[in-house]
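**Student:** Before anything else, here's the structure in question.
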Amino acid sequence: MPELPDVTVYLEALEQRILGHRLEKVQLTSPFLLRTATPPLTSVEGKNVVGLRRLGKRICLECEGEIWLVIHLMIAGRLHWKAGSSAAVSPRPGSKFKSQLALFHFDNGTLSLTEAGTQRRASLHLVSGNTRLSTLDPGGVELFAHQQPNRQGGLGQFIGVESFARVLTAENHTLKRALTDPRLFSGIGNAYSDEILWQAQLSPVKLTQKLNEEEIARLHAATRDTLLEWVERLRAEAGADFPEKVTAFRKEMATHGRYREPCPRCGTKIQRIRYAANETNYCPTCQTGGKLLADRALSRLLREDWPRSVDELG
Ligand SMILES: [Zn+2]
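For the sequence shown, the numbering used here begins at 287 and goes up steadily by one.
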């Protein structure tokens, strides 16, 4: 699922291309995508894009008249850009692997939304007014001051350690659950939580209220550093192009999706704990004092600490 770093780089690429441009037509090619009945899609046609922002893991485009197009890519949704006359792009027939869900025709090019696989999870909401927009916010605290990078590409000040600690320890959950709960923290999901916990050298099943001050400070710094490092890396990878290689699995990741690969810090084989439909990856030497957490009891602990809806809320 595209998380804060991926969504940030998408937003930067979109800002360069569609901010101030006219959205001429929205063409839905999947009947399941649009989740709202009013305002109608035609209400944004002919309007200019006047703003862009992230809301949790969602991408929001503001059209004139305070009408927001809100896209949630969920796990397999991706955006693509084709510059030039929009008439040149026609909807591709849905294939089993990558289906086109919508085409947004602008005066200078076409943004398309696709979703891999057979499940249709990606969504589009149209909302009128900033108040209505906020109802789509899962409510997690923003980690950086800016939800859209400023002209220098800065995300602004990172949340202070006291505020971070307050959110983290408000309830007693596993670290994995707390970091990925969109009602607690905005924009972190399965991939970057694995990377953050590896960076902080903390166990994914450690309980938040068991952390000491030094561990919280370490997690706070690791969250900031990991997210910033990945924003930089994804920016560099996209360069001047539209980001077309968005994936939750990257070879530069230390633990996420690296089961049985060597830990880049100590060489120990990365392990996993599976729970529900998810898994978390960790280094036993760096994060759990050499203990393997693959036993049933820990899988159960993580599963039971996992609301079924947590990913849906993201
Ligand atoms: Zn290690």
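All C-beta atoms, glycine included, are put in the ideal place defined by N, C-alpha and C.
Nothing here was measured: the structure is a model prediction, and the numbers come from that model.
Do L347 and L338 have their C-beta atoms closer together than 7 Å?
**Tutor:** Yes, these two residues count as a Cβ contact at 7 Å.
**Student:** Which of helix, strand or coil does DSSP assign to S381?
**Tutor:** Reliability of the predicted coordinates at S381 is poor, the pLDDT of 49 falling under 50, and no value is obtained from them.
**Student:** For the region 376-429, list the beta strand (DSSP E) runs that are entirely contained and at least 3 residues long, ordered along the chain.
**Tutor:** The qualifying runs are 384-392, 395-402, 409-414.
**Student:** Nearest to V427 by CA position, among R407, A402, L412, L454, is which residue?
**Tutor:** V427 has its Cα closest to that of L454, out of R407, A402, L412, L454.
**Student:** Closer than 6 Å between the C-beta and any heavy atom of ligand 1: which residues qualify, listed along the chain?
**Tutor:** Ordered along the chain, the selected set is C549, R551, C552, T554, C569, T571, C572.
**Student:** Shorter than 7 Å from the beta carbon of Y478 to some beta carbon of chain C?
**Tutor:** Included in the structure is just one protein chain, with no chain C present.
**Student:** Is there contact between the region 310-318 and the region 553-568, where contact requires at least three CB pairs shorter than 8 Å?
**Tutor:** No, because fewer than three Cβ pairs between the region 310-318 and the region 553-568 fall closer than 8 Å, the two stretches do not touch.
**Student:** Please report the distance separating the alpha-carbon of K492 from that of Q386.
**Tutor:** Rounded to whole angstroms, K492 to Q386 spans 41 Å at the Cα level.
**Student:** At the level of alpha carbons, what is the spacing between E289 and N564?
**Tutor:** Each residue's alpha carbon lies about 16 Å from the other.
**Student:** Have a look at D527 and N498 and give me their C-alpha separation to the nearest angstrom.
**Tutor:** Distance between the alpha carbons of D527 and N498 is about 44 Å.
**Student:** According to the Cβ coordinates, are V356 and L422 closer than 7 Å?
**Tutor:** Yes, they are a contact pair.
**Student:** Does the Cβ of Q573 have 16 or more other Cβ atoms within 10 Å, making it buried, or fewer, making it exposed?
**Tutor:** Answer is buried; the Cβ neighbour count reaches 16.
**Student:** Would the beta-carbon of E481 fall within 7 Å of that of M539?
**Tutor:** Contact flag set, yes.
**Student:** Name the one or two DSSP bridge partners that N567 has.
**Tutor:** Bridge partners of N567: R558.
**Student:** So, G342 versus S479, is the Cβ gap smaller than 7 Å?
**Tutor:** Contact flag unset, no.
**Student:** Measuring CA to CA, which of G440, N394, T566, V413 is closest to P475?
**Tutor:** Residue identity check: residue 475 is Gly in the sequence provided, not Pro. Looking at the Cα atoms, T566 is the closest of the given residues.
**Student:** Beta-carbon within less than 6 Å of F318's beta-carbon, same chain only, minus the 5 sequence neighbours each way: which residues are those?
**Tutor:** For F318, where only same-chain residues beyond five positions count, the Cβ hits under 6 Å are R406.
**Student:** Can you list, in chain order, the residues of its chain whose CB lies under 8 Å from that of F535, leaving out five sequence neighbours each side?
**Tutor:** These residues qualify, in order along the chain: A477, H542, G543.
**Student:** Grouping DSSP H, G and I as helix and E and B as strand, with all else coil, what is F471?
**Tutor:** F471: strand per DSSP, three-state reduction.
**Student:** Residues in its own chain within less than 6 Å of G403 by CB, not counting five upstream and five downstream?
**Tutor:** These residues qualify, in order along the chain: A362.
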